[in-house]
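A short write-up of the structure that comes next.
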Amino acid sequence: MPALPIPVETESLTVSELTARIKALLESHYARVTVLGEISNCRPASSGHVYLTLKDDGAQIPAVIWRSRAGRIRFDLHNGLEVVATGAVEVYAPHGKYQLIIDSVVPQGIGSLELAFRQLQEKLAAEGLFAPERKRPLPRFPRRIALVTSPTGAAVRDMLQVITRRWKGADIVIVPVPVQGDAAARQIAAALQLAPEIPDVDVVVTGRGGGSLEDLWAFNEEIVARAIFACPIPVVSAVGHESDVSIADLVADRRALTPSEAGELVVPDRVEVRAHLDRLRHRLISALRQRAKDARARLDWFAERRIFTRPLQAVHDRTERVDELSDRMQRAMSLLLERRKQKLAAVAGSLDALSPFKVLQRGYSVTTHTDGRAIRSVQGIVAGDEIGTLLPDGSLTSRVETVNLTATLNSQLSTHSSP
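Residue numbering for the sequence shown follows this note's numbering, starting at -12 and increasing by one per position.
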């Protein structure tokens, strides 16, 4: 753009007048420009407006995105992101500065939707919404299946055809929602919240047929991802074709490459189930026959045992054994009693030999006081005392005439023994 002529003014202008002329000049010549720059000082306001600065190595320009435009941006604006912004240059007279009013903004080198997808993927992955350990298995034989999709699209026809062909034992409930457009994401999320309240629903399928990234974008919205994560029953995502990977696919418990494959995932094939049941029936019959054969063999084995062929033989054997043990016990008791008798006789003989009566029978006697106490010494005995004498065949009572000590007695015995 050629340089603007600078008017030569001879009259004095107020600040407001000068600013007004600059505003008219800039805004008329830069009503729509496209600027490449790096975002810095990005400040989303509570009002919904976004204030930021676009800069390069040599300069910077303040910019603003009004709320009506900011709500349409799919990706998150952040400092350091290089973007291509389109809008008009505006002079803000109260502060005497110019700024860029941005109408549209796209990331440099990558599409805005692709960037929004990457940003949301990183955010939800960090929160654990894609974690494999939280994914739930699908029911083997579902009673009722909820299809959250467009009732007029090709996807619902494909799913109905596959499900009814493979398995007729499940009911199908269609929860109609738009699958593209600005309102689609909110309605899909609301339907995912409603589906678990339908009686007997075991699994939910949500998705649509193929299309461009813009057509499939409803299934890349955060509100849909969080609705799938919060759903209390398993969710199958079937969005687009095999090459199309959506945020809904990453959060869902199972991802189907196509809507037709979703029908194959949620119900079994009745032909395969019937074949499996036939195999189980044959195995059960074979196992029962083998068990009956084994039981018959064991019965024959028991029937040949002696306990069954001669049932009283064991009783007779035990009776003889009891009689034998009884005889052995009686002999043992007799022998033990005889030994105890012999031992008792020996003890009695020993006691009899030590009996004082035996001593008396050999010519000895026992002298006692009148109260029965034995006299063991002449000490304390005086003439005139009455004493008793115990003999083998009776007792005597005597009166002491004299008391001789041992020395006197020995002398008398010596005198009587001399010739």
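Note that beta-carbon positions come from the ideal geometry of N, C-alpha and C, so glycine has one too.
The structure presented is a predicted model; accordingly, all values stated were derived computationally and were not measured.
Beta-carbon proximity list for residue i, same chain, < 6 Å, skipping 5 on both sides
i    : result
P49  : T40 and Q86
R123 : P221 and D240
V92  : V70 and A72
L400 : Note that L400 scores 48 on pLDDT, short of 50, meaning its location in the model is unreliable and no value can be drawn from it.
P94  : V70 and L102
R386 : E373
H27  : A small correction: the amino acid at residue 27 is Ser; His does not occupy that position in the sequence shown. Hits under 6 Å: T40, K42 and N66.
G58  : none
D310 : none
L68  : I26
A229 : The sequence given here places Glu at residue 229; Ala does not occur at that position. So the list reads L244, once near-sequence residues are dropped.
R63  : Here residue 63 turns out to be Asp, not Arg, going by the sequence shown. Excluding residues within five positions, the ones whose Cβ falls inside 6 Å are Q106.
G197 : G227 and H228
The alpha helix (DSSP H) enclosing residue i, as first and last residue numbers
i    : result
S91  : Careful: S91 lies outside any alpha helix (DSSP H), inside the beta strand (DSSP E) at K84 to P94.
D304 : Q300 to A340
E101 : S99 to E114
L12  : V2 to H16
R293 : R293 to T296
Test item: CB-CB of residue i and residue j under 8 Å
i    : j    : result
R293 : Q300 : yes
E14  : E77  : yes
V238 : L116 : yes
V353 : A361 : yes
A18  : A75  : yes
V135 : A205 : no
A225 : P255 : no
H36  : I52  : yes
V162 : L181 : yes
R56  : D90  : yes
G227 : L203 : yes
L383 : G371 : no
P219 : P183 : yes
V149 : I185 : no
A274 : A214 : no
T355 : L377 : yes
A32  : Y38  : yes
Enclosing beta strand (DSSP E) for residue i [first to last residue]
i    : result
G24  : V20 to P31
I374 : E373 to L378
T355 : V353 to T355
T389 : Where T389 is concerned, there is no enclosing beta strand (DSSP E), given that its DSSP letter is neither H nor E.
Spatial neighbours of residue i in its chain, beta-carbon cut-off 8 Å, leaving aside the 5 residues before and after
i    : result
D158 : R130, R131, I132 and D187
L5   : none
L396 : For L396, the predicted model reports a pLDDT of 49, less than 50, meaning its position is unreliable; a value from the coordinates is still stated below. Contacts found: none.
A340 : none
A80  : S3, T6, A7 and K10
L408 : No information on residue 408 is available, as it lies outside the stretch -12 to 406 that the chain covers here.
T21  : V71, A72 and T73
Proximity test, Cβ basis, 8 Å: residue i and chain C
i    : result
D287 : The structure shown contains no chain C; it is built from a single protein chain.
Beta-carbon proximity list for residue i, same chain, < 7 Å, skipping 5 on both sides
i    : result
A172 : A205, E208, I210 and V211
F216 : L116 and V238
G83  : T6
M320 : none
L392 : V365
Checklist entry - Hey, is the stretch 185 to 195 in contact with the stretch 282 to 301, meaning 3+ C-beta pairs nearer than 8 Å? => result no
Checklist entry - Are there three or more Cβ pairs, one per stretch, closer than 8 Å when the stretch 148 to 167 is compared with the stretch 241 to 257? => result yes
Item to check | Meets three-Cβ-pair contact criterion under 8 Å: the stretch 130 to 138 and the stretch 100 to 115 | outcome: no
Next on the checklist: Which runs of the beta strand (DSSP E) at least 3 residues long sit entirely within the stretch 200 to 287? Give them in chain order.
Outcome noted: 222 to 226
Checklist entry - Is the stretch 136 to 143 touching the stretch 163 to 173, taking contact as three or more C-beta pairs under 8 Å? => result yes
Checklist entry - Of all the alpha helix (DSSP H) runs that stay within the bounds of the stretch 34 to 69, which reach a length of 4 or more residues? => result 54 to 57
Checklist entry - Any contact of the stretch 209 to 219 with the stretch 230 to 238, i.e. 3+ C-beta pairs under 8 Å? => result yes
Next on the checklist: Report the start-end ranges of each alpha helix (DSSP H) in the stretch 160 to 191 that is 4 residues or longer and not cut off at the edges.
Outcome noted: 171 to 181
Checklist entry - Which runs of the alpha helix (DSSP H), 4 residues or longer, sit entirely within the stretch 127 to 162? => result 141 to 153
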